[in-house]
Every structure is written in C-alpha cells, then in structure tokens.
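Enquirer:
In this note's numbering, the protein residues as written are 3 to 216.
What follows is the structure, given as structure tokens:
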C-alpha cells in the first residue's frame, strides 16, 4: 500500500485515527459507570462505536493513495456509519429527555431516516451537502433538548453536553467552509481542523454524559 503524497491528507488521516481511539475511550469511560444506566450507556456506545468505525474508514480513505474507484467504495460505509451516528445521537437525546420508552419509539424512524440519507448520498452528486443539512438539523434538535434539560436542571451534565454539541456544530462549520487551515508543527487543512475540534467535542460530550450517569 502507498500512502497519499499530500501532507494534509496524511494529517487528516492521523486525526481520523485519533478520533477512533478517543471514541473507543469514550465508550470505556461510560461503561465503567453505574449499572443503573445500562440502556443509556448502550445507546451512546453505539454513537461512539459507529463514529470510531467511520473515522477508521476515513483514515484509510485519506491516508492511502487509492484509485477514485476504491475511494468511492470507502465513502459508502463511511456515509452509512455517519448517518447512523446522527440517528443514534438523536435517540440518545430523546432518551435523556423522555426516557427509554420514547427512545425505543424513535429508534426505528431514525434508523430509516439514516438509510434515506445514505441513499441520497449515493444517487446524487451532493452527498456531503446532504450530510451537512441532515447533521445540522439533528444537532440543532439535540441542542434544544439539552439546553431545556439544563435550564430546568433535570439532568446533571446537560449543559456540558449542550456545549459539546455547540463545539460539534462549530467543527462542522469549519469543515463546510473548505478554506480554514492550521499549522501545529505539521499543516492541517479544513478536514484536519474539523477533526481536532471534534476531538475536543467528544471529550466534553463524554464528560457531560458521565455526569448524568453518576
């Protein structure tokens, strides 16, 4: 296998790999908590697990010098995984707002919506834009839920989770601009900067979730 010759693609692959490691660490942090929250932990473990898989695929897509055909095949499981990440994130937010029964009621519709999103990315040319819209709507809805929970003091850590969602929205905005760069010893393009902010968001998110499960 030959690595991608573009340095920013390699740094993007490195940050993707780091997201995989951090996301798996987030699962470990949540799973060492109280057994009283096993169902909530299960939902959020799916969020982090799917993100870890998508990031690993992203690392391969960015880090290896692949043909356009091979790269397009890698984007398929990546888009599917990201769509499922967003769906499960919404289910997790509904769980925290309304409880397990409501989360179960939302599970199938959200999974169907994720599959619809994936289909759109495959049949059209604006797959990334479709994901941005899909993710933005879901994150804004989740943000509203956690702000409500924080204002009403119904869930410990809700404010921290809301802050993590805001960071994720900022990260998505950075990626969608396509022109933000950063050099920290090595150069990062907009994708790499997006990943760096997303890593911070993951740590903040896990801290908030863990507080709510203490």
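Using N, Cα and C, we set each Cβ at its ideal position, and we do this for glycine too.
1) Using beta-carbon positions only, say whether residue 36 and residue 215 come within less than 8 Å of one another.
2) In terms of alpha-carbon separation, which member of 54, 125, 62, 163 lies closest to residue 86?
3) Following the continuous alpha helix (DSSP H) through residue 7, name the residue where it begins and the one where it ends.
4) How would you write the range of the beta strand (DSSP E) that residue 184 sits in, first residue to last?
5) Touching or not, the segment 107–116 and the segment 57–68, by the rule of three or more beta carbon pairs under 8 Å?
6) Can residue 32 and residue 208 be called in contact, C-beta distance under 8 Å?
7) For the structure I just gave you, are there three or more beta carbon pairs, one from the segment 86–95 and one from the segment 140–151, closer than 8 Å?
8) Taking the C-alpha atoms as reference points, what is the distance between residue 13 and residue 165?
9) Please work out which residues of its chain come closer than 7 Å, Cβ to Cβ, to residue 203, disregarding the five sequence neighbours upstream and downstream, and give them in chain order.
10) What does a CB cutoff of less than 6 Å around residue 151 pick up in its chain, not counting 5 residues either side in sequence?
11) Taking the Cβ atom as the reference point for each residue, do residue 199 and residue 182 lie within a distance shorter than 8 Å?
Expert: Concretely, from the data shown:
1) yes
2) 54
3) Per DSSP, residue 7 belongs to no alpha helix (DSSP H) and is neither H nor E.
4) 184–186
5) no
6) yes
7) yes
8) 26 Å
9) 166, 169, 170, 173
10) 157, 160
11) no
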